[in-house]
Every structure is written in structure tokens, then in C-alpha cells.
Amino acid sequence: MQHGSLLLASVAVLLSGCAAGLKHPAPKGLVSEPVEPTGWNAAITAPDRARLASLPELWAKARASVPGRAKAQFEREGPLVDPAAALDLPALPPGPYSCRLVRLGGRAGVATFKPDFCTVDGSRHSLSLTKQSGSILPGGWLFADTERRQVFLGTFRPARMKSAPAYSTNPAQDVVGVVERVAPFRWRLVLTRAGGGAALDIYELIPVPPRVAGS
17 MQHGSLLLAS VAVLLSGCAA GLKHPAPKGL VSEPVEPTGW NAAITAPDRA RLASLPELWA
77 KARASVPGRA KAQFEREGPL VDPAAALDLP ALPPGPYSCR LVRLGGRAGV ATFKPDFCTV
137 DGSRHSLSLT KQSGSILPGG WLFADTERRQ VFLGTFRPAR MKSAPAYSTN PAQDVVGVVE
197 RVAPFRWRLV LTRAGGGAAL DIYELIPVPP RVAGS
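All you need for this note's numbering is the position in the sequence shown, starting with 1, plus 16.
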């Protein structure tokens, strides 16, 4: 019996050693092919990707910087300056918009500007947004992202120039942000860029009738 037990033990050790040396191919169902980025993930630069990821921290910093003397002005903006106010269906319908800048952060804490005109062109599959009037002229492409936001990749065009460079051509002019719907017929474009001074530029976007935009 003792010899039989030793023989069985030796066979078990031998089989386990052989099994350890075998290399089994991975099941085909568990092998994943590399996923190529699409949409804004394929176009965004590394610095803008980092700025987009830091948007929650920038919101917190900008809101905390509002001084007591500006609290009433800040609160009058309602959901426009509430980072949690984003609603479903964020896509901007093509057409003209009133776009009013509210700047959070910087020296004043809160600064508001008179409305200018913006236009959204294209279809739901390919949308561009361009600010047409004023001294600060962002423009770029809108990309579908989640059920509550679109991603904006664009550039700033100086008013003296007729056109802006393509996105990622001149990093100093690149801008990244998100579009969110915050109320019926009320959207916001939240922008962040390197060296902009202010923590956040928030454009209130409200559709206007074409006859008003052209007047």
C-alpha cells in the first residue's frame, strides 16, 4: 500500500508540473481588439483633454471665488451658473442665438457682458457654433458626448481677422468646453482655455427669430 501511495503521489506531481508548463490560448471571446477613438476623442489635444477632465474642479473654484458683494448678481443667473443644472437633450438646433457671456473667476469674481449673436450650422450629425459679433469670437465644432452634454472643440478668432486657424494648429488659440441645456430654450456653452485669466467663460445661448438676428 505504501508503494502504491508513493506512486500515485509521484504521478500527481508529474501531472501538475506538466500542466504548469502548458500555455493555453486565450478564449476568442475574451480577446479585445484595440478601440480606435472617434468623435471628439479622436480630435482633442492632450492639454485640452486635461482641461475638460478638470471641469468639475474649475466649476468649484469659480463659484468659490464669487465675492460677497456679487452674490446677488450671481444668484440671479440661476441654473446658468449651477454645474448640476444640465438637462437631457443638449443638442443645439441650427439657427441664430443670442449669446451672453457670464465670466466666473478672475479679479471681479463675476462679470456679465451685453448679448452678442452666435450661429449654429449643420445637422444633428455635424454641428458648428460660431460667435459672430463682439470682441471675443470663439468658433468650432460640436460633438455628441453624453445624454446631457456636447463637447465643443474650437479656436478664438481675433476680431481683426476674417478667419481662425484650424483647431490644434495654434494651441494658444485653442478652446475646449461643453454645451448643456439648462432650461426650456436655454443652453450654456462653458469654455475653459489655458492662459485665459478667468476660471470659466459661460455663454448663455437663447434662440432668436431670424428676422431679429438679421435686423
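Virtual Cβ for every residue (Gly too), placed ideally from N, Cα, C.
Would you grab the beta carbon distance between W75 and L216 for me? Rounded to a whole angstrom, and I think it's under 8 Å. With a contact defined as Cβ atoms closer than 8 Å, W75 and L216 qualify at about 7 Å.
What is the residue span of the beta strand (DSSP E) that A127 lies within? Run containing A127: 125-128, per the beta strand (DSSP E) assignment.
Are there 16 or more other CB atoms within 10 angstroms of the CB of G125, so buried, or fewer, so exposed? So G125 ends up on the buried side.
Cut-off 7 Å between Cβ atoms - residues of its own chain near I222, not counting five sequence neighbours on either side: Close CB contacts of I222 within its chain, under the 7 Å cut and outside five residues either way in sequence, are with Y113, S114, F201, R202 (chain order).
Alpha carbon of T61 to alpha carbon of N186, nearest angstrom: So the alpha carbons of these two residues sit roughly 11 Å apart.
Tell me which residues share the same chain as V224 and place their Cβ nearer than 7 Å to its Cβ, disregarding the 5 neighbours each side in the sequence. Here the set comprises P112, Y113, S114.
Indicate the three-state DSSP secondary structure (helix, strand or coil) for F201 in the structure shown. In the three-state DSSP reduction, F201 falls in the coil class, being neither helix nor strand.
Using the Cα positions of Q148 and G84, report the straight-line distance between them to the nearest angstrom. If I take the Cα positions, the gap works out to 34 Å.
Expressed to the nearest angstrom, what Euclidean distance is found between the alpha-carbon atoms of K77 and P99? One alpha carbon belongs to K77, the other to P99, and they sit about 12 Å apart.
Counting only the same chain and skipping the five closest in sequence on each side, list residues whose C-beta sits under 7 Å from that of R243. Lying outside 17 to 231, the shown extent of the chain, residue 243 is not represented and no answer is given.
Please state the DSSP three-state secondary structure of K87. Reduced to three states, the DSSP call for K87 is helix.
At which residues does the alpha helix (DSSP H) containing E73 begin and terminate? Its alpha helix (DSSP H) spans residues 71-80.
Distance, L158 Cα to L143 Cα: Those two C-alpha atoms are separated by around 5 Å.
Express the C-alpha separation of S70 and V118 in angstroms, rounding to a whole number. Approximately 19 Å between the Cα atoms of the pair.
The alpha helix (DSSP H) spanning A160 covers which residue range? Segment 152-162 is the beta strand (DSSP E) holding A160; no alpha helix (DSSP H) there.
Beta strand (DSSP E) containing L120: first to last residue? In this chain, the beta strand (DSSP E) harbouring L120 covers 111-121.
Along the chain, where does the alpha helix (DSSP H) that runs through A58 open and close? Per DSSP, A58 belongs to the alpha helix (DSSP H) from 56-59.
Under three-state DSSP, which class holds P63? Here P63 sits in helix by DSSP.
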